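Novice:
Chains as they are written, first to last, in the working numbering: chain A, 1 to 352; chain B, 1001 to 1313.
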C-alpha cells in the first residue's frame, strides 16, 4: 500500500471531525463570553477579522505563524515516535539565549546575515541539549518525558531571568533585555512598520523538509513505526532507548530554532517573555494538524489568528485573552472525542 | 532578615517545610490512588488550579473558608470527569487529554478571575487559616514551633496519606483498586467493574488535588495569582513515581520538596552572593536529581495509562 495515499485518506476522513470540533468550541466560547456579560459576535469579529484588516495585526499574525510552525514541527517529530515534548517553552528560551549570544557578539556586525548560520546552529544545539535531558530520563530512568520536559521549563525560565539581569543585560537599560542584534543581521522585514519578517519562509521551508523526511525516508518510516507500536519497532530492529534520546534532542533542537528566530526578528533582542507560552500552543498546532505537514500549516495559521486576534479582542471588548487557551484546549478535546466516536463506528463495522 | 542566626534559619525553614509540603501531599496522595487503579492523571496541575480558584471565589464570596475548601474539593473532583470520560471510557491518549485539560483549566480560571474581579484594581484577598496551638506539645522546644504549631490542614494531609496507605494495603477495597490497575482483565473476570473503579479513584484524586490547590490560597497566599500552582501538579506527579506509589514514602518525598521550596523562599532574603534565580529553580532541580537517583525502574502499576477494552480480544 502506498503510504502517501493512506495518510491522505486518513486526513480526509478526519477533516469533518476537526471542523466540527472547531465549531463546537467556538460556540461554547461564545456562551462563555455571553454569560460573563460580553457580546460574543463583537468579540469574535475582533478575534477573527482584526488580524486581516489591521496593518500591524496582520504583521503580528505573520510573525506569530513562524514560531508556532517551527515549534509544531519539533513537537511532531517527537510525537511521531510516541514521545510528548512539553518542554517547548524552555527549549525556545534556550534557543533564544544561544542566538542572542552569537548575534549580539562583535562578529555579527561584520558577518551580517552570515551570522545566522552559527546562530541557528547554536540555537539548535542549546534546544537539543534541553530536549535531550528529557529523552535521556525517558530512556534510562524510565521517567515520563512529559513531566521532565515540563519541569525543565521552570528551570530555563530562571536561567534566562538570571542572564538578562546579569551577564547578558544590555548596558543602560532598566528592564531585563539583551543588547540589540546589529541591523545587518536582522531578518528582513516583509511589511513596513510591522514585525512580519522573512522568517516565515524559513519556517515553511522547514515544514517541507519535515514532510519529506518523515514520509519519504527510511528513518522517517522507522520513527513512525516506533510511534505506532513499540513492539513492532523492536522486531524491526529499532532501538527504543536510542531513539528516545535522539528524537527528543532533535525535537528540542528544532524548537530551539524558533527561539533563535524570535531574536532575529520581532524585537531584535532577547527578552524574558520570549517563549510566551508558545511551547504549549505549538503542541496544540501539532495535534490539531494531525502531525501532517498540510494540517500543521493550516493549524499554525489558525492558532496565529487566535493568538493575535485575542489580544485585540481584549483591548476592544475587554474579553480576557485567556479565552484563547480555553478555545485551544476545547478544540483538541472535541477532536479526540470525535475520533473516539469514529473509532467505535469502525469497530462495529469490523464486527459485522 | 539578613542577620538571622543559623539555628533560627534552620528552624524557620523546617516550619515552612511542613506547610509547603502539604499541597504536594494532598495532590500526590490523590494521584497514587488513581495511578494504582491504572489511570495516568496528567491533569493534576489543572485540578489544583481549579481548586485554588474555587476556594478563593467561594471563601471570598461567602466568608467561609470551610465552604471554600469543600467547594474546591468538589469542583476538583467533578473536573476529572473530562479526563475519565475521554481518557478512560473513550480510550484516548491519557497524557494528551490531561495536558489539554491543564490548558483548559488554566485558561478558564484566568478568564473567570479577570471577568469577575477585573484586570486592575484591588485583588480580592481572604484571611489565611490560623495555625493551631496544641497545649503542651506546641510549647516543646524545636518540635513545638516546627511540627506542632501548623494549621489543621497540614495534619490532615499527613493523616490522609496514612489512611490511603491503609486502604490500599490492608483493605479489600484497596485490593480491588490494585487489581484494576495491575491486571484489569483479571479484575473484570473476578466481577469488578474496571471503569467504575477508575472513575471513582479519579474523583478522589480530583478532590485531593482540589484541596491541595486550595491550600495555596487559604493557607499560603490568601489570594489567587496567575500560575499560582507553578508546576506543583507536575512535581506531585514526580513524587508519586519517586515514592514508588507508596503513600508513606510519599510523605517523605513531599517533605523533601517542601524543604527545597522553604529553603528557596528563605535563602532569597539572606543576601547570599549566589543569584536568587538559583534558589527559585531549586525545587525543580531537586525533583529531577531525585528522579535520577531514585526513580530508576520504579514499580509502576502494570496497566498504568494503558487503554482498557472491556470485551477484549
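For glycine and all other residues, C-beta sits at the position ideal for the given N, C-alpha and C. Treat the numbers as computed from the prediction; the structure is a model and nothing was measured.
Quick one: which residues of the region 1266–1288 of chain B get their C-beta closer than 8 angstroms to a C-beta of chain A? List them in chain order.
Specialist: Going along the region 1266–1288 of chain B in chain order, one finds 1275, 1277, 1278, 1280, 1281, 1284, 1285, 1287, 1288 with a Cβ nearer than 8 angstroms to chain A.
Novice: Let me know the secondary structure DSSP gives residue 1045 of chain B once reduced to three states.
Specialist: Residue 1045 of chain B sits at position 45 when you count from the first residue of the second chain. DSSP places residue 1045 of chain B in helix when its eight states are reduced to three.
Novice: So, with DSSP's three-state summary, where would you put residue 189 of chain A?
Specialist: Locating residue 189 of chain A in the first chain gives position 189, where the first residue counts as 1. Strand at residue 189 of chain A.
Novice: State whether the region 148–158 of chain A contacts the region 77–93 of chain A, with contact taken as three or more CB pairs (one from each stretch) at a distance under 8 angstroms.
Specialist: Yes, the region 148–158 of chain A is in contact with the region 77–93 of chain A.
Novice: Counting only the same chain and skipping the five closest in sequence on each side, list residues whose C-beta sits under 7 angstroms from that of residue 198 of chain A.
Specialist: As a working mapping, residue 198 of chain A is identified with position 198 in the first chain. Taken in chain order, the residues that qualify are 187, 188, 190.
Novice: Whole-angstrom Cβ separation of residue 1213 of chain B and residue 1126 of chain B, contact assumed at under 8 angstroms?
Specialist: The residue labelled residue 1213 of chain B in the question sits at position 213 within the second chain. The residue labelled residue 1126 of chain B in the question sits at position 126 within the second chain. About 14 angstroms; that fails the 8 angstroms criterion.
Novice: Please go through the same chain and pick out, in chain order, the residues whose beta-carbon is closer than 6 angstroms to the beta-carbon of residue 1188 of chain B, but skip the five residues on each side of it.
Specialist: For the purposes of this step, residue 1188 of chain B is identified with residue 188 of the second chain, where counting begins at 1. Here the set comprises 1194.
Novice: First and last residue of the alpha helix (DSSP H) that includes residue 67 of chain A?
Specialist: Counting from 1 along the first chain, the entry for residue 67 of chain A is found at position 67. Unbroken alpha helix (DSSP H) run through residue 67 of chain A: 55–80.
Novice: For residue 271 of chain A, which three-state DSSP category applies?
Specialist: Taking the first chain and counting its residues from 1, the one referred to as residue 271 of chain A is at position 271. Reduced to three states, the DSSP call for residue 271 of chain A is strand.
Novice: Short of 7 angstroms in beta carbon distance, which residues of its chain neighbour residue 1313 of chain B, apart from the five on each side in sequence? Order them along the chain.
Specialist: The count along the second chain starts at 1 and reaches residue 1313 of chain B at position 313. Caution applies to residue 1313 of chain B, whose pLDDT of 40 falls short of 50 and renders its modelled position unreliable; the value that the coordinates give is listed next. Answer for residue 1313 of chain B: no residue qualifies.
Novice: If we ignore side chains and look at the alpha-carbon of each, how far apart do residue 29 of chain A and residue 303 of chain A end up?
Specialist: Looking up residue 29 of chain A in the first chain gives position 29. Looking up residue 303 of chain A in the first chain gives position 303. Going by the C-alpha atoms only, they are around 15 angstroms apart.
Novice: Between residue 1012 of chain B and residue 226 of chain A, what straight-line distance do the alpha-carbon atoms span, to the nearest angstrom?
Specialist: The count along the second chain starts at 1 and reaches residue 1012 of chain B at position 12. The count along the first chain starts at 1 and reaches residue 226 of chain A at position 226. Looking at the two C-alpha atoms, the distance is approximately 50 angstroms.
Novice: What runs of the alpha helix (DSSP H), each 4 residues or longer, lie entirely inside the region 75–126 of chain A?
Specialist: DSSP runs (the alpha helix (DSSP H)) wholly in the region 75–126 of chain A: 88–103, 106–111.
Novice: Out of B/1186, B/1103, B/1121, point me to the one whose CA is closest to residue 1045 of chain B's CA.
Specialist: Counting from one through the second chain, the residue named residue 1045 of chain B turns up at place 45. Measuring from the Cα of residue 1045 of chain B, the nearest candidate turns out to be B/1103.
Novice: Answer with buried or exposed for residue 212 of chain A, where buried requires no fewer than 16 other C-beta atoms within 10 angstroms of its C-beta.
Specialist: Along the first chain, read from residue 1 onward, the residue named residue 212 of chain A stands at position 212. With fewer than 16 Cβ atoms within 10 Å of its Cβ, residue 212 of chain A is classed as exposed.
Novice: Run through DSSP, which three-state label would residue 1309 of chain B get?
Specialist: In the second chain, counting from the first residue as 1, residue 1309 of chain B sits at position 309. Note: residue 1309 of chain B maps to coil in three-state DSSP.
Novice: Can you tell me whether residue 177 of chain A is helix, strand or coil according to DSSP?
Specialist: As a working mapping, residue 177 of chain A is identified with position 177 in the first chain. Three-state result, residue 177 of chain A: strand.
Novice: With a cut-off of 8 angstroms on the beta carbons, I'd call residue 119 of chain A and residue 99 of chain A a contact; round off their distance for me.
Specialist: Working through the first chain from its first residue, we reach residue 119 of chain A at position 119. Working through the first chain from its first residue, we reach residue 99 of chain A at position 99. Contact flag correct, Cβ pair sits at about 5 angstroms.
Novice: Just the C-alpha distance for residue 1202 of chain B and residue 216 of chain A, rounded to the nearest angstrom, thanks.
Specialist: Within the second chain, numbered from 1, the residue matching residue 1202 of chain B stands at position 202. Within the first chain, numbered from 1, the residue matching residue 216 of chain A stands at position 216. Straight-line Cα distance between these residues: approximately 42 angstroms.
Novice: Cα-Cα, which of A/25, A/75, A/43, A/218 is closest to residue 292 of chain A?
Specialist: Sequence index remark: in the first chain, residue 292 of chain A carries index 292 (1-based). Ranking A/25, A/75, A/43, A/218 by Cα distance to residue 292 of chain A puts A/75 first.
Novice: Please classify residue 276 of chain A: does DSSP put it in a helix, a strand, or coil?
Specialist: Position 276 of the first chain holds residue 276 of chain A. Residue 276 of chain A falls in the coil class under three-state DSSP.
Novice: Under the rule that 16 or more other beta-carbon atoms within 10 Å means buried, what is residue 171 of chain A, buried or exposed?
Specialist: For the purposes of this step, residue 171 of chain A is taken as the residue at position 171 of the first chain. Exposed, because fewer than 16 other Cβ atoms sit within 10 Å of the Cβ of residue 171 of chain A.
Novice: Confirm, please, whether the CB-CB distance from residue 333 of chain A to residue 1108 of chain B is below 8 angstroms.
Specialist: In the second chain, the residue the question calls residue 1108 of chain B occupies position 108. In the first chain, the residue the question calls residue 333 of chain A occupies position 333. Contact: no.
Novice: Where does residue 349 of chain A land, buried or exposed, given buried means 16+ other C-beta within 10 angstroms?
Specialist: Sequence index remark: in the first chain, residue 349 of chain A carries index 349 (1-based). Any reading at residue 349 of chain A is ruled out, since the residue's pLDDT is 47, under 50, leaving its predicted position unreliable.
Novice: Would you mind reading off the limits of the alpha helix (DSSP H) that contains residue 1128 of chain B?
Specialist: Numbered from 1 along the second chain, position 128 holds the residue referred to as residue 1128 of chain B. Counting along the chain, residue 1128 of chain B falls outside any alpha helix (DSSP H), and DSSP gives it neither H nor E.
Novice: Cβ atoms of residue 96 of chain A and residue 259 of chain A: under 8 angstroms apart, would you say?
Specialist: The residue you call residue 259 of chain A lines up with position 259 of the first chain. The residue you call residue 96 of chain A lines up with position 96 of the first chain. A contact, by the Cβ cut-off of 8 angstroms.
Novice: Rounded to a whole number of angstroms, what is the C-alpha to C-alpha distance between residue 1075 of chain B and residue 1051 of chain B?
Specialist: By one-based count along the second chain, residue 1075 of chain B stands at place 75. By one-based count along the second chain, residue 1051 of chain B stands at place 51. Distance between the alpha carbons of residue 1075 of chain B and residue 1051 of chain B is about 7 angstroms.
Novice: Distance check for residue 288 of chain A and residue 1100 of chain B, CA to CA, integer angstroms please.
Specialist: Position 100 of the second chain, counted from the start, is the residue given in the question as residue 1100 of chain B. Position 288 of the first chain, counted from the start, is the residue given in the question as residue 288 of chain A. Using only the alpha carbons, I get a separation of about 12 angstroms.
Novice: Taking three-plus beta-carbon pairs below 8 angstroms as touching, is the region 318–330 of chain A in contact with the region 1105–1119 of chain B?
Specialist: Cβ pair count under 8 angstroms is three or more, so yes.
Novice: Below 7 angstroms CB to CB, which residues in the same chain sit around residue 335 of chain A once its five sequence neighbours on both sides are set aside?
Specialist: The sequence position of residue 335 of chain A within the first chain is 335, counting from 1. Once the five neighbours on either side are set aside, the close Cβ partners of residue 335 of chain A are 17, 18, 21, 288.
Novice: Nearest chain B C-beta to residue 147 of chain A closer than 8 angstroms, yes or no?
Specialist: Looking up residue 147 of chain A in the first chain gives position 147. Interface residue, yes.
Novice: Considering only residues of the same chain and omitting the five flanking positions on each side of residue 307 of chain A, which have a CB-CB separation below 6 angstroms?
Specialist: Here residue 307 of chain A refers to the residue found at position 307 when the first chain is read from its first residue. These residues qualify, in order along the chain: 64.
Novice: State the DSSP-derived secondary structure class of residue 2 of chain A, mapped to helix, strand or coil.
Specialist: Residue mapping note: residue 2 of chain A aligns to position 2 of the first chain, counting from 1. At residue 2 of chain A, the pLDDT of 46 sits below 50, so the modelled position is not reliable; the number obtained from the coordinates is stated separately. Residue 2 of chain A: coil per DSSP, three-state reduction.
Novice: Report the three-state DSSP secondary structure of residue 197 of chain A (helix, strand or coil).
Specialist: On the first chain, position 197 is the one that residue 197 of chain A refers to. Note: residue 197 of chain A maps to strand in three-state DSSP.
Novice: Within this structure, are the beta carbons of residue 309 of chain A and residue 51 of chain A separated by less than 8 angstroms?
Specialist: In the first chain, the residue the question calls residue 309 of chain A occupies position 309. In the first chain, the residue the question calls residue 51 of chain A occupies position 51. Result yes, Cβ atoms of residue 309 of chain A and residue 51 of chain A sit closer than 8 angstroms.
Novice: Does any C-beta atom of chain A lie closer than 8 angstroms to the C-beta of residue 1212 of chain B?
Specialist: Position 212 of the second chain holds residue 1212 of chain B. With 8 angstroms as the cut-off, residue 1212 of chain B does not count as an interface residue toward chain A.
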